[in-house]
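A.B. asks: Have a look at the structure that comes next, please.
There are 2 protein chains.
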Amino acid sequence: MKIAFLGLGVMGFPMAGHLAAHGHEICVYNRTAAKSSAWAKAHRGVAVASPAKAVVGAALVFSCLGDDPDVEAVLGDAAPAVARGAIIVDHTTASPALARRLAARFGASGIGFVDAPVSGGQAGAETGKLSVMCGGEAANVERARTAMEAYAARIVHIGPSGHGQLCKAVNQLCIAGILQGLAEGVHFAGASGLDIDRVFEAISGGAARSWQMDNRMKTMAEGRFDFGFAVDWMRKDLRIALEEARSNGSQLPVAALVDQFYADVQARGGGRFDTSSLVMRLKKRC
Amino acid sequence: MKIAFLGLGVMGFPMAGHLAAHGHEICVYNRTAAKSSAWAKAHRGVAVASPAKAVVGAALVFSCLGDDPDVEAVLGDAAPAVARGAIIVDHTTASPALARRLAARFGASGIGFVDAPVSGGQAGAETGKLSVMCGGEAANVERARTAMEAYAARIVHIGPSGHGQLCKAVNQLCIAGILQGLAEGVHFAGASGLDIDRVFEAISGGAARSWQMDNRMKTMAEGRFDFGFAVDWMRKDLRIALEEARSNGSQLPVAALVDQFYADVQARGGGRFDTSSLVMRLKKRC
């Protein structure tokens, strides 16, 4: 099957690679051409200079971009060249409003659109174990499922257009609370002179357990914040959730506060640190 | 070995039962005598009318009470009757300051004192799978270890007196963040019209995973808050952490906020609801 893949960042590059390894004919586009050339060389695929060229004749179009304006620009350029009957699957974490708008726009041209943000991070993309949360028509999700299985361990149809993005927002809201609680715990432990290894041993099997505790408690105590998903990206995701909350009437007090704490981390020059860097602003001073 | 057990609440009752099942000779005291009589009948132990009577001749004294004043009153009554060379292990979640004070006071009389709060809840007490976090002299922890193994899956010596309580505070700080993040996620999902089962399926394997998500996400969505550990008790634990933070100079912004949210749950009559009831105050209204 001919597949187009638009966006070869830290996520898209290995995801497109898994598709190629599963024998699909892949045509890639990336804004920085050096990356798409490198990808094409590594995977015997074809790199082209525009989204429109990439999607010609593709039955499936995947995109994995940065934010709403990137998705609008890249899919806007591709739109006239997408074949009637094709399915576009957008893996970008973007707004539910954009997903609904694009689904309507492409739907009017007989093109399916699925909002399909992922979780699992760079490691999940590289090992092919991502979770994909899909919004859109069930039939469109099913038509893309086999291809997505090249890089996904879970593919869940959450609901209609926008529901993939809304599910991802739930994921990020949960993580915001977990990370700030963990940061306060690690900070308090340090201020109390506790041995973090013994604390971890005592509490990591119980009701305080989290993936973040298992993987980040000790590195937070060490002040290491080089584990991928960056504060700058987390702020984008929290912005999406907080904006959506304005329209659906929900209250997100701690998410709003943690978003401000991340703004503080950015102001201290930590925008590229990973999200566990919340602890750095709690360090005892003077 | 003769063991005294002081306090037969939802935790102490089954813990003392496990000790009896392991063949120890148990003498119990409880403020409400009906409970200690019931315990003695069920476990062929001896129930007495005062802490002092319970501890006579005991090599180990366990207590599992409510708050600092309970510990001071019960152990204060017991003190004159505790044998030199005995070890007192206090399983109450109480303040680190009290733990240090009692360790000094009993130490001066040749009696060991270990602050040893537990996690695992009522279920952990009943199945004998608690985690015990111990503060005090290592030798005293070791002398009590075999007995505690009757009801504990993990027994960790965290550090000197007070460190057991400080470790428990870290546990509760982590839980406070996790639960509020999860509450906001569940609330946002509801306001967005998402199917919570599908959301759980999509995100429960990844970086947002927590014990609380595995066990409480769906029940929070259903508005069921009858799972044990109550808001009233959580506020006590957060008070301990927040008071300690005043002296060790740490900053706990989300814990302080979540404590206020729990005050709101109490004001709505939810003090006996379990800690996942944070979500109830986020329900969309008018």
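Chains as they are written, first to last, in the numbering used here: chain A, 217 to 502; chain B, 217 to 502.
Using N, Cα and C, we set each Cβ at its ideal position, and we do this for glycine too.
From a predicted model like this one, the values you see are computed outputs, not experimental measurements.
1. Determine, using beta carbons only, whether M349(B) comes closer than 7 Å to chain A.
2. Between the region 242–254 of chain A and the region 325–339 of chain A, do at least 3 Cβ pairs fall closer than 8 Å?
3. Rounded to a whole number of angstroms, what is the C-alpha to C-alpha distance between F229(A) and F221(A)?
4. In three-state DSSP terms, what is S420(A)?
5. Report the rounded CA-to-CA distance for G225(A) versus S335(A), giving the unit in angstroms.
6. If I follow the unbroken beta strand (DSSP E) through L222(B), where does it start and stop?
7. Please report the residue range of the beta strand (DSSP E) in which S347(B) lies.
8. Give me the residue from A339(B), T308(B), H379(B), G397(B) with the minimum Cα distance to S408(A).
9. Are the region 303–315 of chain A and the region 391–400 of chain B in contact at 8 Å, needing three or more beta carbon pairs?
10. Going along the chain, which residues of its own chain have a beta-carbon closer than 6 Å to the beta-carbon of R370(A), five neighbours each way excluded?
11. By Cβ distance, which residues of its chain are closer than 7 Å to H403(B), with the 5 residues on each side in sequence left out?
12. Report all residues from its chain with a CB closer than 6 Å to the CB of A268(A); omit the five preceding and five following residues, and keep chain order.
13. Which whole-angstrom value is the C-beta distance of A461(A) and S377(A), which I expect to be below 8 Å?
14. Looking only at its chain, what residues have a beta carbon closer than 6 Å to the beta carbon of A299(A), apart from the 5 residues adjacent to it on each side?
15. Between the region 421–439 of chain A and the region 422–440 of chain B, are three or more C-beta pairs nearer than 8 Å?
16. Secondary structure at G328(A), three-state DSSP: helix, strand or coil?
17. What does a CB cutoff of less than 6 Å around M436(B) pick up in its chain, not counting 5 residues either side in sequence?
18. Looking at the unbroken beta strand (DSSP E) that takes in E241(B), where does it start and where does it end?
19. So for S335(B), helix, strand or coil by DSSP?
20. Residues in the same chain with beta-carbon distance under 7 Å from H238(B), minus the five sequence neighbours each way, listed in chain order, please.
21. Which value, in whole angstroms, describes the spacing of the CA atoms of K384(B) and D283(B)?
22. Distance, Cα to Cα, G465(A) vs V264(A)?
23. Quick one: residues in its chain with C-beta nearer than 7 Å to the C-beta of C502(A), no 5 flanking neighbours on either side, listed in chain order?
24. Contact criterion: CB-CB distance below 7 Å. Does S408(A) meet it with respect to chain B?
25. Against chain A, with Cβ distances strictly below 7 Å, would C390(B) count as a contact?
26. Roughly how many angstroms lie between the CA atoms of A275(B) and M217(B), to the nearest whole one?
27. Of all Cβ atoms in chain A, is any one closer than 7 Å to the Cβ of I419(B)?
28. Given that W427(B) touches chain A, what residues does it touch there, using C-beta distances under 8 Å?
29. Note down, in chain order, every chain A residue with its Cβ under 9 Å from the Cβ of L473(B).
30. Classify N431(B) as buried or exposed, calling it buried when 16 or more other Cβ atoms lie within 10 Å of its own Cβ.
31. On the CB-based measure, 16 or more other CB atoms within 10 Å of its CB, does G485(A) come out buried or exposed?
32. Which residues of chain B have a Cβ atom closer than 9 Å to the Cβ of N387(A), listed in chain order?
33. Checking the sheet assignment: what are the DSSP bridge partners for G225(A)?
34. For G223(A), which residues of its own chain have a beta-carbon under 6 Å away from its beta-carbon, when the five flanking residues on both sides are left out?
35. H379(B) touches chain A at which residues, Cβ-Cβ below 7 Å?
36. Is L318(A) helix, strand or coil by DSSP?
C.D. replies: With the given structure in hand:
1. Closer than 7 Å: yes.
2. Here the region 242–254 of chain A does not lie against the region 325–339 of chain A, with fewer than 3 beta-carbon pairs under 8 Å apart.
3. A direct Cα-Cα distance of roughly 9 Å separates F229(A) from F221(A).
4. Coil, per DSSP.
5. When rounded, the distance between both Cα atoms is 15 Å.
6. 218–222 is the extent of the beta strand (DSSP E) around L222(B).
7. Where S347(B) is concerned, the enclosing beta strand (DSSP E) stretches over 346–351.
8. The candidate whose alpha carbon is nearest that of S408(A) is H379(B).
9. Result no; under three Cβ-Cβ pairs closer than 8 Å.
10. Excluding residues within five positions, the ones whose Cβ falls inside 6 Å are S347.
11. Short of 7 Å from the beta carbon of H403(B), and not among the five residues preceding or following it, lie these beta carbons of its own chain, in chain order: V495, L498.
12. Within its own chain, the residues whose Cβ lies closer than 6 Å to the Cβ of A268(A), once the five positions on either side in sequence are excluded, are D293, A294, A297, listed in chain order.
13. 19 Å between Cβ atoms; not a contact.
14. Contacts found: none.
15. A contact between stretches requires three or more CB pairs, one per stretch, nearer than 8 Å, and the region 421–439 of chain A meets this requirement with the region 422–440 of chain B.
16. Three-state DSSP puts G328(A) in a strand.
17. Once the five neighbours on either side are set aside, the close Cβ partners of M436(B) are V402, S492, V495.
18. DSSP places E241(B) inside the beta strand (DSSP E), whose first and last residues are 241–245.
19. DSSP, reduced to helix, strand and coil, places S335(B) within a strand of the structure shown.
20. Same-chain partners within the cutoff: A366.
21. Between the alpha carbons of K384(B) and D283(B) lies a gap of roughly 14 Å.
22. Each residue's alpha carbon lies about 44 Å from the other.
23. The pLDDT assigned to C502(A) is 45, lower than 50, so where the model puts this residue is not dependable, and the model offers no usable value.
24. At a cut-off of 7 Å between C-beta atoms, S408(A) counts as an interface residue with respect to chain B.
25. Under the Cβ distance rule, C390(B) counts among the residues neighbouring chain A, one pair being separated by less than 7 Å.
26. Cα to Cα, A275(B) sits roughly 7 Å from M217(B).
27. Yes, contact with chain A.
28. In chain order: G422, A423, A424, R425, S426.
29. One finds P469, V470, L473 in chain A with Cβ atoms closer than 9 Å to the Cβ of L473(B), taken in chain order.
30. When all chains shown are included, N431(B) counts as exposed.
31. Counting every other CB atom within 10 Å of its CB across the protein chains shown gives G485(A) a total below 16, marking it as exposed.
32. The contact set of N387(A) on chain B, defined by CB atoms closer than 9 Å, consists of G401, V415, A418, I419, G422, A423, A424 in chain order.
33. Answer by DSSP bridge pairing: none, since G225(A) is not bridged.
34. These residues qualify, in order along the chain: S279, C280, L281.
35. The contacting residues are L410.
36. In this structure, DSSP gives L318(A) a helical state, which the three-state scheme calls helix.
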